[in-house]
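2 protein chains.
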Amino acid sequence: MNVGIIGLGLIGGSLALDLRARGHYVWGISRNPDTCETAIAIEAVDAASHDAMAIATLRPADIVVLCTPLDAILPVLAAIAPHLQQHSPAAIVTDVGSVKAAIVAGGQALWPRFAGSHPMAGTEQSGIHAAISDLFRDRLCAVVPHADAAVTAAVKTLWESVGATVCECDAEAHDRAVATISHLPVVVSASLILTGDRIPDPQIRQLAQGLASSGFRDTSRVGGGNPELGRLMAEGNRTHLLAAIDAYRLTLDELRDAIYAGRWTELQTLLQLARDARAAFVE
Amino acid sequence: MNVGIIGLGLIGGSLALDLRARGHYVWGISRNPDTCETAIAIEAVDAASHDAMAIATLRPADIVVLCTPLDAILPVLAAIAPHLQQHSPAAIVTDVGSVKAAIVAGGQALWPRFAGSHPMAGTEQSGIHAAISDLFRDRLCAVVPHADAAVTAAVKTLWESVGATVCECDAEAHDRAVATISHLPVVVSASLILTGDRIPDPQIRQLAQGLASSGFRDTSRVGGGNPELGRLMAEGNRTHLLAAIDAYRLTLDELRDAIYAGRWTELQTLLQLARDARAAFVE
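This is the structure we're talking about:
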């Protein structure tokens, strides 16, 4: 199979590594010439170019995966669609964006054989130098089914071939679900860090920094992630994220009120509910 | 040195293991006879009893460490003080509670040579079966200095002997700092889990459970911890925790308002501040 990867960062580079290791011919496009050189050097791709027009000179792709930042997915697809139309007219196109409704609608308007994907994988690193093999192994990948079952099947097969478990879901349902389990944690966690950083008394703040342990480390991890990614996720999933934040504030206030009023049995019951409920999300 | 450990759970059991491995004579008290048997069987203690009166029959202790749940520290000290007074009148007493002001004041009223400690260590497990060697190695331990420098020194030496780095701090400052970096994360994290669990549409909730990945796992970890511990921390540090929650809500609302108003540059700046600020807490 010939695969085109547009955007050779952590996700695109890691996917390229896995696909090429499985014997596929992989070409890549990155706007950064250094990234293209690195991708070739680490043997993630067979060929790479910083010029989207080079698609005309590469092997016709069976499948093209858009791995750019969220806000670039549709503009990049718009830019490459004419070249693809000319040289890979039968190509199936997918993406890896963390928001699906707007991407799928916009993507299918630009390329009818477009089906959205969202692999639930990543590290705290970014860029081609962070690319690793088996990033998707045993991870879930959401795929929004296409009206043409053959398109859906091709995209599913792609992700399953690199070890992911595919979960088919409606784009709107996906966006509502990830608002709570993926985008809300960023806001919750960043707010925690900022609360610590804004402790008014510098001596208490310094002591807090010194005493912070694994609990703070884990709870603050996603809030300390890539700020641009965080902004793009919020921008792309604004309505559902706001609904999730508002639901969160009601729950936070419920715990706060129990503490304020000294209703300790109620607090412990809520913490027990949280403990019991967590298993369904993390197991 | 002869050391008495009152409460043979994860913390008490692990401390006993380390101290005994370093050649000290360690006796333990647990209200549960099975725990005493296990503590002897795993060679965490030289002797153990479920009866606090047995202190009279054990070797006089140089130091006694109260490792019970937070709400039992002062009642247990009150109960054993007469026995200690009779058989180990020179003993120094410390504790491992996560709140210090009330414990230190109450502890010193019951036993003048009492100095509070708070080792920043733990696992998700509890009980004597969870006890492990080197639990405190390279971890911070807060020690509230005693008016008698010799008492402070003895407590510091105890923790340093098991590999901890001691941080001397005022009890009130300790409680304010841990409210933000240790107790607030529990509330923040439990609220996140409950928000996920309360997604009204069962299909979206199920999808969220399926798609939840490492970000949700890490952010929800401390919220899924022991509900009784969480309740005791909140009860013991209520005032400072409420102040931390209120500061947190203001920050959360600031991020929420930026998202609501579409002020994306402001949001990204806040996320960048969070990323930059995190290093001082976790490194």
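From first to last, the protein sequence lines stand for chains V and R. Be aware that the first sequence starts at 2, since it is given in this note's numbering, and climbs by one per residue. Be aware that the second sequence starts at 2, since it is given in this note's numbering, and climbs by one per residue. Here a beta-carbon is modelled for each residue, glycine too, at the ideal position from N, C-alpha and C.
For the stretch 200-221 of chain R, the beta-carbon criterion of a distance under 7 Å to any beta-carbon of chain V is satisfied by I200, Q204, I205, L208, A209, Q210, G211, L212, A213, S214, G216, F217, R218, D219, T220, S221. In the DSSP assignment, E236/R forms no beta bridge with any residue.
Taking 3 residues as the shortest admissible run, the stretch 185-240 of chain V contains no complete beta strand (DSSP E) segment at all. For D171/R, the three-state secondary structure derived from DSSP is coil. The Cβ of V156/V sits no closer than 7 Å to any Cβ of chain R. Taking 7 Å as the threshold, the shortest C-beta distance from W112/R to chain V does not fall below it.
Against chain R, the beta carbon of M234/V has no neighbour under 9 Å; the closest one sits roughly 10 Å away.
In the three-state reduction of the DSSP assignment, V27/V falls in the strand class. Minimum Cα-Cα distance from A82/R among the listed residues E169/R, F217/R, A53/R corresponds to A53/R.
Residue environment for S134/V: exposed (fewer than 16 other C-beta atoms within 10 angstroms of its C-beta). Taking 7 Å as the CB threshold, I194/V lines the interface with chain R. Residues are counted here when their Cβ sits less than 9 Å from a Cβ of chain R; for the stretch 265-282 of chain V these are W265, T266, L268, Q269, T270, L271, L272, Q273, L274, A275, R276, D277, A278, R279, A280, A281, F282, given in chain order. For the pair G231/R and V283/R, the CB atoms are not nearer than the 7 Å cut-off. The residue among G10/V, A79/V, I194/V, H51/V with its C-alpha nearest the C-alpha of C68/V is G10/V.
Proximity of L85/R to chain V, defined by a Cβ-Cβ separation below 7 Å, is not satisfied. Listed in chain order, the positions of the stretch 166-186 of chain R with a beta carbon within less than 8 Å of a beta carbon of chain V are C168, C170, A174, H175, R177, A178, V179, T181, I182, S183, L185, P186. For A132/R, the nearest beta carbon of chain V is not closer than 7 Å to its own beta carbon. G128/R sits exposed, since fewer than 16 C-beta atoms from the chains shown fall within 10 Å of its C-beta. Any Cβ of chain V closer than 7 Å to the Cβ of G117/R would place that residue at the interface, and such an atom is absent. Taking the beta carbon of D135/R as reference, no residue of chain V falls within 8 Å; the closest one sits roughly 15 Å away. The beta-carbon separation of C142/R and V167/R, rounded to 5 Å, stays under the 8 Å limit for a contact. With distances taken between CA atoms, D277/V lies nearest to G197/R out of E173/R, H241/R, L274/R, G197/R. Under the Cβ criterion (8 Å, minimum of three pairs), the stretch 96-108 of chain R counts as touching the stretch 116-131 of chain R. Taking the Cα positions, V156/V is about 19 Å away from L71/V. Listed in chain order, the alpha helix (DSSP H) runs fully inside the stretch 74-107 of chain R are 74-88, counting runs of at least 4 residues. Cβ neighbours of V223/R within its own chain (closer than 6 Å, five residues either side excluded): P186, V187, S190.
Annotation: the continuous alpha helix (DSSP H) that includes L20/R extends over 11-22. Here the stretch 264-276 of chain R lies against the stretch 229-244 of chain V, with 3 or more beta-carbon pairs under 8 Å apart. Here T181/V is buried: its Cβ has 16 or more other Cβ atoms, across all protein chains shown, within 10 Å. When C-beta distances to chain V are compared with 9 Å, the residues of the stretch 235-256 of chain R below that value are A235, E236, R239, L242, L243, A245, I246, D247, A248, Y249, R250, L251, T252, L253, D254, E255, L256, in chain order. With its beta carbon at least 7 Å from every one in chain R, M54/V lies outside the interface. In this structure, DSSP gives S50/R an extended state, which the three-state scheme calls strand. At the C-beta level, S221/R and I194/R come within 7 Å of one another. Excluding the 5 residues flanking it on each side, A92/R has same chain C-beta neighbours closer than 6 Å at A62, V65, L85, in chain order. With contacts defined by Cβ atoms closer than 7 Å, A40/V and A49/V form a contacting pair. Assigned with DSSP and collapsed to three states, V179/V falls in helix.
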